[in-house]
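Undergrad: Before anything else, here's the structure in question.
In this note's numbering, the protein residues as written are 6 to 827.
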């Protein structure tokens, strides 16, 4: 059996922080398996000096209010012997804080360690951080000051350790971080931080903390390294080019720890800046790396005015409470007309009411901003300017040059509603092919064929041209493939568009529905459909199934179009109309209300307008209307010329006669007793559908790319050598047979002839004509002549009068034959 004994331990008492070397005397310490425990905790270090002596470094144990005596147990080869060791509170120092909490890896940072129960003599105190000594300056019972030494590695966060001879380590959970600060010369090899125009490279796993505002650097390269914005103060990075490569990392806060101070990155450059290959100029370029930017959360980034804010006022009322701060910068959007971009006003908050609904501004408002409601026909219209927060603590921005200031007034932006743009609010510019560098990645991708996503409950007002503009040639399909011809419907739902030049305009855009829209106070047009097909296609056969179909084709449904909502100081008279119908077939207008078009200088509905393609004597196609309402509308529609447009009034809500056609008189058709003038329309007649216009799509004998328009029993074939289908007009019952008749005619006669002719042509070779003629003769002079007239018996044929009408086709004139077949 192994012979083991423990006689004593020196010292036999120490602090709860542990770390105190204890010498243990006895016998039999030489063994293959030696352990020492104090209070059932293993010693931090066991050193066997000899068979009769070993050294143990005490472990840290939980702090108690009273002294804790417990066994010190030595175990050798399975045999244990004990002695006593006491942890004492009066021997235990406690570290509570350190300031500052970090410093450069080059050392030289003077820190203050706060706590209690420190000794008064500096000779018994040692301070280390990450095994690097901190040179003592002063020691009191509650504080220790020292200067950090250098740290040979890069950034590290380590515990501040205070060792007291005879007691051990002070209890501490306080940490100090060794970092490379941008402002420190040690970060740059003893040199001053980079100056203006410098090319700065951070590489080889280096982590640097930006703790100052830099001058305007030329280039910053982060190559397999990290630049972190220091979150102990406001900082700013000013640079012309930022290049992040090879797992480089730029961090301004993280998702779990958002940046709490103000961090700004400003990119500099101008028109003549040198462009880097691929990336360009004035650029943050990322290639195989990460960028983290996380600022303080703002619940309410924008709201609306709760009441009208008049010019000269320094107080505004909001519709919803906000979580903004005093001294934050805000923008109050213009609510005036399309030329009011200058009325966007930026102010700073100097006071916020306790309910967070009233803001006091630093300077009075220069313009009036609306915050009101108007009820028309049981519909409540909100006319409110937006108020947006501009002050965010993390900002990535481009520099503003004097050239910018002189040519374009800076307009604030950054919130969902669009207001005060010089040209467009929402512009869907979908090309037929990819552009720029995307051509190299996916040359066979067609943006204008992609299925539509979602446009829902968006607001736009006070823009110079279009609230919403879809141009050019959007043709959404089911798959989005360039060769796909199966259309899918795009739905713009819940749009509120006001005080623009045009509320929404769709150009060469097919199968698009405007739903639940409210447009009002637009200077020119509320809603304008220009064309549904592009320049390259005149009537794609695969679109025919969508014509006039609410669920798949082009339509305006469940919407309100208001000429003047009634809040402006002067009446608003749209220069064109509330709704402009398109130059192609297929548009259906259903459950739409027109309100407040009282002036004779405007109208609710207008024919096609196709700038750049046809501006005079353009022929419109059929538009179908149902469940239409007019409130305070003087002129519902106007036709500029014959065949300007054709409106199918399906239920009588457009012109008062259901299942009828409303069109411009042409001097021939309006003579029919079945057609009448339309009240509340200008230059319009209304005829029963049976006397109106029909459509034959792709007749088998006609050109398959051209549909044939039929008006009043006459076919128009706008193509070369394409046959028209056979038609016959039959009514009433009168039978007449005449054979071998000799007729005596007289000279000096006056003859009036009215003739109705039906012509049928097949391959331009066979013509059959049936004619009814009435002759009136006056004069007494007689001349004898013998004429043989053979009249083929006509059965069940009424002598009638029809008219030949030529309807302008959809194709441009220069694509038509000089003499279309009739």
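We treat Cβ as the ideally placed atom computed from N, Cα and C, and that holds for glycine.
Can you find at least 3 beta carbon pairs, one from the segment 484-499 and one from the segment 525-541, that sit closer than 8 angstroms?
TA: no
Undergrad: Can you tell me which of 394, 111, 313 and 298 puts its alpha carbon nearest to the alpha carbon of residue 304?
TA: It is 394.
Undergrad: Determine contact between the segment 215-225 and the segment 137-153, defined as no fewer than three beta-carbon pairs at a distance below 8 angstroms.
TA: Cβ pair count under 8 angstroms is below three, so no.
Undergrad: Are residue 500 and residue 463 close, meaning C-beta to C-beta below 8 angstroms?
TA: yes
Undergrad: Which of helix, strand or coil does DSSP assign to residue 550?
TA: Three-state result, residue 550: helix.
Undergrad: So, is residue 739 buried or exposed, given that buried needs 16 or more other C-beta atoms within 10 angstroms?
TA: Summary for residue 739: the model assigns pLDDT 37, below 50, so the residue's position carries little reliability; its value from the coordinates is reported in the next sentence. Counting Cβ neighbours within 10 Å, residue 739 comes out exposed, since fewer than 16 surround it.
Undergrad: So, do the segment 277-289 and the segment 307-323 have three or more beta carbon pairs nearer to each other than 8 angstroms?
TA: no
Undergrad: What did DSSP end up calling residue 380 once you bin it into helix, strand or coil?
TA: strand
Undergrad: Taking the beta carbon of residue 374 as the centre, do at least 16 other beta carbons fall within 10 Å, making it buried, or is it exposed?
TA: With 16 or more other Cβ atoms from the protein chains shown falling within 10 Å of its own Cβ, residue 374 counts as buried.
Undergrad: Quick one: any contact between the segment 69-84 and the segment 157-172, if contact means 3 or more CB pairs under 8 angstroms?
TA: Touching, no.
Undergrad: In this structure, what does DSSP give as the bridge partners for residue 151?
TA: BP columns for residue 151 point to 116 and 141.
Undergrad: Which of the three DSSP states, helix, strand or coil, is assigned to residue 688?
TA: Residue 688 falls in the coil class under three-state DSSP.
Undergrad: Answer with buried or exposed for residue 344, where buried requires no fewer than 16 other C-beta atoms within 10 angstroms of its C-beta.
TA: exposed
Undergrad: Counting along the chain, where does the alpha helix (DSSP H) carrying residue 828 start and finish?
TA: One cannot answer for residue 828 here, as it falls past the ends of the chain, which runs 6 to 827.
Undergrad: For the beta strand (DSSP E) that residue 582 lies in, which residues bound it at each end?
TA: 582-585
Undergrad: Spatial neighbours of residue 309 within its chain, please: C-beta separation below 8 angstroms, excluding the five flanking residues on both sides.
TA: 323, 324, 325, 376, 387, 389, 390, 391 and 392
Undergrad: Confirm, please, whether the CB-CB distance from residue 354 to residue 329 is below 8 angstroms.
TA: Taking 8 angstroms as the cut-off, the Cβ atoms of residue 329 and residue 354 count as close.
Undergrad: With a 10 Å radius around its C-beta and 16 neighbouring C-beta atoms as the bar for buried, classify residue 691 as buried or exposed.
TA: buried
Undergrad: Beta-carbon separation of residue 678 and residue 655 under 8 angstroms?
TA: For residue 678 and residue 655, no; Cβs fall outside 8 angstroms.
Undergrad: Extract the residue ranges of the alpha helix (DSSP H) inside the segment 563-633, only unbroken runs of 4 or more that lie entirely within it.
TA: none
Undergrad: Starting from residue 451, follow the beta strand (DSSP E) in both directions and report where the run begins and ends.
TA: It is not in any beta strand (DSSP E) - residue 451 carries neither H nor E in the DSSP assignment.
Undergrad: I think residue 552 touches residue 496, with their Cβ atoms under 8 angstroms apart; what is that distance to the nearest whole Å?
TA: Not confirmed; about 17 angstroms, so no contact.
Undergrad: Between the Cα of residue 27 and those of 49, 37, 369 and 10, spot the shortest distance and give me the residue it belongs to.
TA: 49
Undergrad: From residue 767 to residue 620, what does the alpha carbon distance come to, in whole angstroms?
TA: Low per-residue confidence applies at residue 767: pLDDT is 34, beneath 50, and the placement is therefore not dependable, though the value from the model is reported in the following sentence. Between residue 767 and residue 620, the C-alpha separation is close to 35 angstroms.
Undergrad: Hey, could you find the ends of the beta strand (DSSP E) residue 52 is sitting in?
TA: Its beta strand (DSSP E) spans residues 50-55.
Undergrad: Can you check which of these residues, 611, 568 and 112, is closest to residue 636 by C-alpha distance?
TA: 568
Undergrad: Would a C-beta distance cut-off of 8 angstroms place residue 149 and residue 123 closer than the cut-off?
TA: yes
Undergrad: Give the C-beta separation of residue 243 and residue 230 to the nearest angstrom, bearing in mind that I take them to be a contact with Cβ-Cβ under 8 angstroms.
TA: The pair is not a contact, with the Cβ atoms about 20 angstroms apart (cut-off 8 angstroms).
Undergrad: Identify which residue in 671, 291, 478 and 78 has its Cα closest to the Cα of residue 648.
TA: 671
Undergrad: If we ignore side chains and look at the alpha-carbon of each, how far apart do residue 613 and residue 643 end up?
TA: 11 angstroms
Undergrad: Considering only the alpha carbon of each residue, which of 595, 607, 562 and 404 lies closest to residue 583?
TA: 607
Undergrad: Would you mind reading off the limits of the beta strand (DSSP E) that contains residue 225?
TA: 222-228
Undergrad: By a C-beta neighbour count over all protein chains shown, 10 Å radius and 16 as the cutoff for buried, is residue 714 buried or exposed?
TA: At residue 714, the pLDDT of 42 sits below 50, so the modelled position is not reliable; the number obtained from the coordinates is stated separately. The residue in question, residue 714, is buried, as its Cβ has 16 or more Cβ neighbours within 10 Å.
Undergrad: Return the residue from the list 80, 657, 403 and 90 that minimises the CA-CA distance to residue 37.
TA: 80
Undergrad: Would you kindly report the start and end of the unbroken beta strand (DSSP E) that includes residue 13?
TA: 10-15
Undergrad: With DSSP collapsed to three states, give me the class of residue 828.
TA: Residue 828 is absent from the structure shown; the chain starts at 6 and stops at 827.
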